[in-house]
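Asker:
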Amino acid sequence: MTQPTFILVRPQMGENIGGAARAMLNFGLERMRLVDPRDGWPNSRAVALASGAARVLDNAGLYGSVAEAVGDCTHVYATTARGRDLTKPVLTPERAMAEARAVIAEGGKVGVLFGPERAGLENEDVARAHAIVTVPVNPDFFSLNLAQCVLLTAYEWRRQTEPLAQAPEIERAEAIEVEKLGAHFEQRLEDAGFFFPPTKAPGMKLALRNMLSRLALTRADVQIFHGMLRQLTRPLPKDE
């Protein structure tokens with residue numbers, strides 16, 4: 005069991021179950037359990053919304069209670085946006101999934117509870133969890149769609165285990181190349197009468213150099229700028 009099990013507690017709409025399955029598979033998670041889905045199981049609307057993630061639904065376990073669904077789990081998280089009167093650690097999805105990875109690495113089994121769409125998990129459900137997972141949502145509108153909540157948590161799981169792709173290396177321009185580009189700009193702008201009045205010219209040139217240094221130019225960028233300046237200052241052909 006090398007990944008957490010996502011447990012949807014009394015989900016009300018097949019569409020949201022399908023959306024949750026799709027979100028899970030987006031981030032490499034395939035272990036789903038369902039507790040007493042309102043419209044029964046299987047559900048054709050869930051399959052339609054899964055959009056290619058039907059195998060998550062095909063292998064989903066069906067349980068009659070939360071106690072049964074978490075029976076083999078050694079560590080359980082309850083997702084909720086509402087304050088609770090239960091004394092438990094409260095974690096962000098990021099922190100919870102980092103902890104879950106450590107638990108699984110040590111041979112533990114992790115379950116994550118997601119509540120029904122209308123009111124979320126009951127206190128009796130949360131009481132079976134070791135910790136609460138919540139996100140800093142708008143206090144005036146804290147209701148998250150079931151599939152959205154699953155997506156947030158699945159993303160954090162994947163982010164903890166999959167390094168982000170590295171951007172390709174780029175060849176930065178050396179300081180001397182940026183210096184020469186600045187001189188080229190100054191010369192062309194001087195010829196065009198840009199530095200006016202003369203008393204402001206030193207400050208304008210300083211601002212130009214400062215701007216170029218902030219751009220973190222590549223060597224290709226520098227060459228493009230030189231080419232642009234040369235083209236802009238070429239004499240236009242005379243009409244015959």
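Sequential numbering of the sequence shown, starting at 5, is according to this note's numbering. Backbone N, C-alpha and C fix where the C-beta goes; we use that ideal spot for every residue, glycine too.
1. Secondary structure at Gly-115, three-state DSSP: helix, strand or coil?
2. In chain order, what residues of the same chain lie with their CB nearer than 6 Å to the CB of Ala-57, ignoring the 5 residues before and after it?
3. Mind checking which residues open and close the alpha helix (DSSP H) that includes Arg-35?
4. Using beta-carbon positions only, say whether Ala-100 and Tyr-81 come within less than 8 Å of one another.
5. Go ahead and pull the three-state DSSP assignment for Val-139.
6. How about Ala-177 and Val-226: are their beta carbons less than 8 Å apart?
7. By the DSSP assignment, the alpha helix (DSSP H) with Leu-29 in it spans what residues?
8. Could you say which of Leu-185, Ala-85 and Pro-241 lies nearest to Ala-220 if we only look at CA atoms?
9. From this set, Ser-217, Phe-199, Val-137 and Glu-181, which residue's C-alpha is nearest His-230's C-alpha?
10. How many Å lie between Ile-174 and Ala-224 at the Cα?
11. Answer yes if the region 135-146 comes into contact with the region 94-108, meaning at least three C-beta pairs across the two stretches below 8 Å, and no otherwise.
12. Quick check: the region 43-56 against the region 16-24, are there 3 or more CB pairs under 8 Å?
13. Can you tell me which residues form a DSSP beta bridge with Gly-65?
14. Between the Cα of Pro-143 and those of Ala-85, Leu-156 and Thr-91, spot the shortest distance and give me the residue it belongs to.
15. Pick helix, strand or coil for Ala-151, following the three-state DSSP scheme.
16. Which residues in the same chain have their Cβ closer than 7 Å to the Cβ of Val-51, if we skip the five residues on either side of it in sequence?
17. Please classify Ile-180: does DSSP put it in a helix, a strand, or coil?
18. Where does the unbroken beta strand (DSSP E) through Phe-10 begin, and where does it stop?
19. Return helix, strand or coil for Ala-73, following the three-state DSSP convention.
20. Give the range of the beta strand (DSSP E) segment to which His-79 is assigned.
Answerer: Quick answer:
1. strand
2. Ala-25, Arg-26 and Leu-29
3. From DSSP, Arg-35 is part of no alpha helix (DSSP H); its letter is neither H nor E.
4. Contact: yes.
5. It is coil, neither helix nor strand.
6. yes
7. 18-30
8. Leu-185
9. Glu-181
10. 10 Å
11. yes
12. yes
13. Arg-37
14. With distances taken between CA atoms, Pro-143 lies nearest to Ala-85 out of Ala-85, Leu-156 and Thr-91.
15. helix
16. Gly-22, Ala-58 and Leu-61
17. helix
18. 9-13
19. It is helical.
20. 79-83
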